[in-house]
Every structure is written in structure tokens, then in C-alpha cells.
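Following the numbering used here, the numbering of the sequence shown begins with 1 at its first residue and continues without gaps. Input: a single structure, listed below in C-alpha cells.
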Amino acid sequence: MGSKDKNPRKKKKLGEVNEKIPEELDTEKSPEDGKSPEDENNKENYEISINYTQNRKIWVRNEIDDDDGIFSFSVSKEIDHESDDPDPRSILECQKRSDWEKWKMAMETELNSLNKRKVFGPIVTIPEHVKPVGHKWVFVRKRNEKNEVTRYKARLVAQGFSQRPGIDYEETYSPVMDAITFRFLMSLAASKNLEMYLMDVVTAYLYGSLDNDIYMKIPEGLKMPEALRSKSKEICAVKLQRSLYGLKQSGRMWYNRLSEYLLSKGYTNNAICPCVFIKKFPSGFVIIAVYVDDLNIIGTPKEIDDARTHMKEEFEMKDLGKTKFCLGLQIEHFQEGIFVHQSNYTKKILKRFNMDKANPLSTPMVNRSLNVENDPFRPCEDNEEFLGPEVPYMSAISGLMYLANCTRPDIAFATNLLARYNSSPTRRHWNGIKHIFRYLQGTIDLGLYYPRNSEFGLVGFADAGYLSDPHKSRSQTGYVFTIGGTAISWRSQKQTIVATSSNHAEIIALHEACRECVWLRSMTNHIQEASGLVIKREPTRLYEDNAACVAQIEEGYIKSDRTKHIPPRFFSYTQELEKNKEVDVQYIRSSDNAADLFTKALPTSTFRKHVQSIGMRHLRDL
């Protein structure tokens, strides 16, 4: 609330953690409210009454910046691990449980690994001006794609938050494989009939060598040397010889160690996709896609066996067979293709927010009113009460973002729209979130299907929703890129500048799509070239439904009263790509433009048509 507000908005107190939120609020309800059977029959679905502090964390709305997806990913992990029987948070909690023996065995296994990797150096008196880091035990039960517990895992982690930059560490950045690259690799595996296996590096971080001297407080189980037994543990510390989970630089040290080994074995990678290592053989090729300690190995059978063998020679590995569950994604291998979905995660998020018994809806959002004053997604008004932190609005948005970014492009626009109101959500916006949940309830098994032997070419669609945000005069950019008819990259985002016409908005959207296209071409061409696959040297078709926009790209910038204010860079960049035969901008009817899905609310028939057109299918139909 700014200091210039004459009529400050009132913050609604909505009760305690488990208290139901009042149904009668003096705000306009969305069209679906009061009309659905579940609103009468299932009181649980009136509202979500889970506090942000449920998992002992407090999220401050105005301090969250989720441009990099870290917040949404962390919330998704909490949801994924949530159950009626949560994992213990301390040794004391473990000892009170019926499965204490399994946790005890997991701790012993961890200590044996630390000793085997020679992580601990000598125990010494703490040197002057040195601040030793603390440590903590972390416990988690690992689960498979069916949410069944497969093993008990205990980790001794360093409390790296006490490390000092420039003294205890220098660089911390470590690359990981992004979701777009992973989807491309799945489409490549399906199209070329390649095998896809998953391996896990046991205690991966312990293989990294430290670049600074790090001292840690002495953990339980380590014996004090005779010379120091008379001294207090408070003035002693153990010097770490290897990187340990929790240290700022551990991820980087592990990546450097793995990268050096793979490069020494003849693998190649580059800055475009530093976590994809490729090796070509006379009879085939193998690709190793790295996400921290999870290695997806894709290629021809003989070469995959070779890769698995030399990985086991250098590191302690777990061979998990065909990739079925990775990074929260469920992967189904069919004779005709590969299907990736998040059914288990969707069920968990619905259950967490008490929407698992709600009646389903056919689209993720209601049609918006042309009258700005009646728009259910308008910002909080001056005299309108907004929801307090008792309502986990941000937690719900972040859980939906994880779905939208991984396997559910169909909810990308609705989630992006509602995410704008994280700082001051109202009942109207809350109803919008409930609407998305009810749509998910009817489409739990919806995912992306990559067919085998499909035409392997990159195709893009771009669109803009003019004045999608009429309250701030901003339009919406939407684009999607497919390979073999199935989406691998998409985006729905509010434009950062005001567009003065639909043509202006479309030019901006096309510019953003071209930027993504350049990276996609670089990434896909590098992987295919390094693998020895034949590449068709042809421009990427990029479809746009604004005829004036297409004409301006083909004929060049035309100065007129309607276009002279548009920055030339939006034209020039796309025109240069067209001239260099990297993209080929073509006109398409609005009814056939799949990018419409990312810019506006659509009628049910049109929505379903576009969902089908980007390769989304139901598991039950395969």
C-alpha cells in the first residue's frame, strides 16, 4: 500500500489454519460460482484452508520473484512429498517412528559413503578467523512413478548458509538440463526409435573436490583424536576433503568432475546445452542428459550399453532401467510413441487443496467480459477486500506453474493471468484458481504424446492477445513450437510495453517467438549434428494469423501513421532471420493458430481443437 493511497484497501482476516473461509464476501463472483453441484454437495470445496506455514515455511508475497521458476519448483516438491505420513525432520523424530530401524540403516549407509569417499579430513583446533559451518540430517523416502516407497534415504548436509563469499567459496553456478531440452530429447527418442534409460549417481556431490578450505562442526559418530580428547568439541572442527551436500559450491564441483570425465571419454558438449553430452560411434551414438545426479541415456542399444559400463567404472551408479519417472514426470513407453504426463502430481495437488472431489469443467477459465468493469480478473479495487496470507494463493499458483511449465501447456494462459495478483488476490481471483483445479480434475491423465516415426521438423505458431490486460493497457504474447506435431516449447506472457494496435502487439509477439526459434534451432541442430543425424537445412515455418504483420515482414518496414512509432528492432530482427532463411513467416487463419491457446480464453470447441493440435492426449486413449 503506497503512501499516497487516500482510501487504503482493507486486509481481510480469514480465520485460522483449518477454519473455513466465509462464503459470503462483498465481491463479484465468477460465473461458475453458485451454479455447480459440488458447491452444494461438498463443503470441502468451498475454499482451501491450508496455511502457508503448514510446512514450517512462511512465504511473503511481495518478496517473491519467480522469473526463474525456483519458487514454483520448490512448492511443487513440497506438494510431491506431502502425505498423511510426512518424512521426519530430525533424528529424534526418526527414533519415535515405527520404521526407526530403516532410518537408522539409511544413516549408517550415508556415513559409510562419506568414509568411502574420504570426505572427512583430520579433526583439528579451529584456526583463527575461521568460522566452521554447521550440519544437519535430512530424511526422505524415495518413491517411484506409482508413489510407492522404494527406499529410505538419509543425508548429512552442511549448513552452507553460513558460508562467506570470497572466503569459503568463489563460484556457485552449475548448469542443469532445462525442460525444453528434455522434451526435445524425448521427441528425438520417439521419432528415431531410440532407447531411453535412467541412471542415478550414488552420493554424487561427494565426488567433487573443494576449491576452498572448509571446516565443519564435528558430526556425531566421528571419533576425536587422542591429542584433542581433553579439549571441548566447541573449539574443534573437521576439515572437509570433498564437497558435501549443502555447501554453496557443491553442485558446481560435481558438474566439473562429471564434465571432465565425460569429455575425457570422447563426449562433446557446448554452451548452448552444457548438460547434454554426445558421443558418436560408427554404428550409432549415445546422448547423456544430466540433471544433477540423474543421467538420462538416449541412443542406439550397443552404444547405451557402452555408456552404462564406463559410467559404472568411474562412479557408483544405480541402473534404473528404462526411464519411467524423472524429475516428477511420468514417462510411458508405447510401441507407437512416448507419453509424458504428471497424473500423480495432479492428484496430489488436487488433494492438497481439497479439490479432489470437485465436479470437472471443460476449460481452465471462464470467458472474460468485454466490459472492463465486469471482468472477473480485474485488479483489486480500492474499496475491495483482498485475501490474507491464511489463503495459500501463491502456493496454489506455484503448484499450477510447475504443471504449466512441464506437461500442461493448456493451463499456461490461465495460470499466467492469475499469477499477476499474487500480492493482492481477491475472491474473484480465488474463484479463477478453483476453476483451473476443476478443469484439472477432469483431465488428470492429459499429457504430451510424442509419436514414433513422425516427421521430425520444428514448426512454430505465434499470436498476441490485444489488450489482454485492459486495466494496464497491455497485450499478451503467446507462442508454441512443435516437433512431430507435439509441443516442446511454449510461452504465455504479458507484454512489457503498451501496444497501440493489434498489429503492433502481433509484431512484438512474432519478435519474441523468433528469439525462441533461434535458440531452438541452435540446440536441436547441435544435438543432431553431434549425433551424426541428417539435418534438413531449411527455414523453420512460423505461423502468424495477422495478415498485415506477415506482409510487413515480407515486404519490409513500411512507414505510415499507424506503424511509424513501432521500434524498428521488432521488424529488423525478424526480417533478418527471414532473409537468412532461418525462419519462414507464413499466414494462418486464426481458427487454426495453436498459439491462440496462450493468449485468451477460448470457447470449449476451439480450446479442445488447439489442445489436440499441439499433441496433447489422454493416457486412457493410448
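Every residue, glycine too, gets a C-beta built ideally from N, C-alpha and C.
Alpha carbon to alpha carbon, how far is residue 489 from residue 182? Give it in angstroms, no decimals. The C-alpha of residue 489 is placed about 10 Å away from the C-alpha of residue 182.
Residue 587 beta carbon less than 8 Å from that of residue 547: In this structure, residue 547 places its C-beta atom within 8 Å of the C-beta atom of residue 587.
Spatial neighbours of residue 661 in its chain, beta-carbon cut-off 8 Å, leaving aside the 5 residues before and after: Here the chain has residues from 1 to 622 only, and residue 661 is not among them.
Would residue 248 and residue 132 be called neighbours here (beta carbons separated by less than 8 Å)? Going by C-beta atoms, residue 248 is not nearer than 8 Å to residue 132.
Nearest to residue 544 (by Cα), restricted to the options 526, 562, 590 and 563: Looking only at 526, 562, 590 and 563, the smallest Cα-Cα distance to residue 544 is reached by 590.
Looking only at DSSP bridge pairs, what is residue 565 linked to? Per the DSSP secondary-structure output, residue 565 pairs with nothing in a beta bridge.
When the Cα atoms are used, what is the spatial distance from residue 561 to residue 500? Roughly 12 Å separates the two Cα atoms.
Could you tell me which uninterrupted beta strand (DSSP E) segments, each at least 3 residues in length, are contained entirely in the segment 165-240, listed from first to last along the chain? For the segment 165-240, whole beta strand (DSSP E) runs of length 3 or above, ordered along the chain, are 195-201 and 236-240.
Have a look at 276, 446, 364 and 404 and flag the residue whose alpha-carbon is nearest the alpha-carbon of residue 525. Among 276, 446, 364 and 404, the Cα nearest to that of residue 525 is on 276.
Which residue wins for smallest C-alpha separation from residue 92, given the options 170, 431, 465 and 136? For the residues 170, 431, 465 and 136, the minimum Cα distance to residue 92 belongs to 136.
Would DSSP call residue 326 helix, strand or coil? Per DSSP, reduced to three states, the secondary structure at residue 326 is strand.
Closest by C-alpha distance to residue 226, when choosing among 124, 509 and 605: The shortest CA-to-CA distance from residue 226 to any of 124, 509 and 605 is the one to 124.
Is residue 445 near residue 333, with beta carbons less than 8 Å apart? Between residue 445 and residue 333, the C-beta spacing is not below 8 Å.
Going along the chain, which residues of its own chain have a beta-carbon closer than 8 Å to the beta-carbon of residue 604, five neighbours each way excluded? Answer for residue 604: 362 and 363, listed in chain order.
Rounded to the nearest angstrom, what separates residue 204 and residue 219 at their Cα positions? Computed Cα separation, rounded: 20 Å.
Can you name, in chain order, every residue of its own chain whose Cβ lies under 6 Å from the Cβ of residue 242, other than the five neighbours on each side? Excluding positions up to five away in sequence, the list reads 117, 119 and 206.
Just grab the DSSP bridge partners of residue 586 for me. Its beta-bridge partners are 543.
Spell out the partners DSSP gives residue 339 in its beta bridges. According to DSSP, residue 339 bridges with 332 and 449.
Assign residue 269 to buried or exposed, taking buried as 16 or more other Cβ atoms, counted over all protein chains shown, within 10 Å of its Cβ. Buried, since its Cβ has 16 or more Cβ neighbours within 10 Å.
To the nearest angstrom, how far is it from the Cα of residue 365 to the Cα of residue 609? Rounded to whole angstroms, residue 365 to residue 609 spans 16 Å at the Cα level.
If you draw a straight line from the alpha carbon of residue 423 to that of residue 528, how long is it in whole angstroms? If you take the alpha carbons of residue 423 and residue 528, they lie about 44 Å apart.
Proximal residues to residue 190 (C-beta, below 7 Å), its chain only, five neighbours per side dropped: Leaving aside the five residues that flank residue 190 on each side, the residues in its chain whose CB is nearer than 7 Å to its CB run, in chain order, 337, 338, 450, 451 and 452.
Enumerate in chain order the residues of its own chain whose CB-to-CB distance from residue 274 is below 6 Å, with the five nearest sequence positions on each side excluded. A distance below 6 Å between beta-carbons, with the five flanking residues on each side excluded, links residue 274 to the following residues of its chain, in chain order: 175.
Once the 5 residues before and after residue 367 are set aside, which same chain residues still bring their CB inside 7 Å of it? Apart from the 5 residues on each side of it in sequence, residue 367 sits with its Cβ closer than 7 Å to the Cβ of 601 in its chain, given in chain order.
Report the residue from 537, 613, 201 and 515 whose alpha carbon sits nearest the alpha carbon of residue 575. Ranking 537, 613, 201 and 515 by CA distance to the CA of residue 575 puts 515 first.
Contact set for residue 122: own chain, Cβ-Cβ below 7 Å, skip 5 residues either direction: Close CB contacts of residue 122 within its chain, under the 7 Å cut and outside five residues either way in sequence, are with 239 (chain order).
Are the beta-carbon atoms belonging to residue 407 and residue 520 less than 8 Å from one another? Against a cut-off of 8 Å, the Cβ pair of residue 520 and residue 407 comes out as no contact.
Segments assigned beta strand (DSSP E), at least 3 residues, entirely inside the segment 234-283: With a minimum length of 3 residues, the continuous beta strand (DSSP E) runs that stay inside the segment 234-283 are 236-240 and 276-281.
Kindly indicate which residue of 96, 572 and 340 has the alpha-carbon position closest to the one of residue 184. Comparing Cα positions, the closest option is 340.
Would you tell me roughly how many angstroms separate the C-alpha atoms of residue 535 and residue 523, rounded to the nearest one? Their backbone Cα atoms lie some 13 Å apart in a straight line.
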